[in-house]
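Engineer: First residue of the sequence shown? That's 306 in the working numbering, and the numbers climb one at a time after it.
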Amino acid sequence: MAENPKARELARRIGDLLLDKKASDVVILDMRGMTSYADYIVIASGESDRQVSAMAENVQVQLKAGSQPLRPISTEGMETGQWVLLDYDDVVAHLFNGEVRAFYDLDGLWADAPREKLA
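1. Quick check on the DSSP output: the beta strand (DSSP E) that includes D248 runs from which residue to which?
2. Is the region 402–422 touching the region 362–371 in the sense that three or more CB pairs, one from each, lie closer than 8 Å?
3. R313 to I348, Cα distance in whole Å?
4. Cα-Cα, which of A370, D344, K311 is closest to L334?
5. Within 10 angstroms of its Cβ, does A370 collect 16 or more other Cβ (buried), or is it exposed?
6. Using the C-alpha atoms, what's the distance from S350 back to P377?
7. Excluding sequence positions up to five away, which residues of its chain have a Cβ less than 8 Å from the Cβ of A418?
8. Do three or more CB pairs link the region 392–400 to the region 313–332 at distances below 8 Å?
9. Hey, how far is the Cα of T380 from the Cα of G413?
10. Figure out for me which residue from R318, A361, A424 has the closest Cα to the Cα of T385.
11. Rounded to whole angstroms, what's the CA-CA distance from E327 to V396? Just pull it up for me.
12. Please go through the same chain and pick out, in chain order, the residues whose beta-carbon is closer than 6 Å to the beta-carbon of Q387, but skip the five residues on each side of it.
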């Protein structure tokens, strides 16, 4: 499991940006060696579809405005706000409204992954 400090820093930055929009239950999963598509997965919840969309928009706007602008490789779910996926290559963010998060249970699916809970 090679260290990837840039990806770890990005995952933390995304987590902080989500907390700025009052996201709840923000977790960073260390996926190095467990998946081929990402080193870190950030999972967070919002109270409503509107809040989830606002959380995702905040991440995109703030990362694009930084000194080294970042744009996601792809985004999914912005229209509905129930489950938004932001793919930043080594870091993938899954933003859910609470019921959808419970239904898909990514936290349980990746129960073996080391995790960091942000507050």
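Each residue gets a CB set at the ideal place from its N, CA and C atoms; glycine is no exception.
Structural biologist: Let's see:
1. Absent from the structure is residue 248, since the part of the chain shown begins at 306 and ends at 424.
2. no
3. The residue labelled residue 313 in the question sits at position 8 within the sequence shown. The residue labelled residue 348 in the question sits at position 43 within the sequence shown. Those two C-alpha atoms are separated by around 14 Å.
4. Stepping through the sequence shown from its first residue, residue 334 is reached at position 29. Selected option, being the one with the closest Cα: D344.
5. Locating residue 370 in the sequence shown gives position 65, where the first residue counts as 1. Exposed, since its Cβ has fewer than 16 Cβ neighbours within 10 Å.
6. By one-based count along the sequence shown, residue 377 stands at place 72. By one-based count along the sequence shown, residue 350 stands at place 45. C-alpha separation (whole angstroms): 19 Å.
7. Sequence index remark: in the sequence shown, residue 418 carries index 113 (1-based). Same-chain partners within the cutoff: L334, D335, M336, M339, I346.
8. yes
9. On the sequence shown, position 75 is the one that residue 380 refers to. On the sequence shown, position 108 is the one that residue 413 refers to. Rounded to whole angstroms, T380 to G413 spans 23 Å at the Cα level.
10. The residue given as residue 385 occupies position 80 in the sequence shown. It is A361 whose Cα lies nearest to the Cα of T385.
11. Taking the sequence shown and counting its residues from 1, one reaches residue 327 at position 22. Taking the sequence shown and counting its residues from 1, one reaches residue 396 at position 91. Residue 327 is actually Lys in this sequence, not Glu. For K327 and V396, the distance between alpha carbons rounds to 20 Å.
12. By one-based count along the sequence shown, residue 387 stands at place 82. Counting only Cβ-Cβ distances below 6 Å, and skipping sequence neighbours, we find D354, N402, V405.
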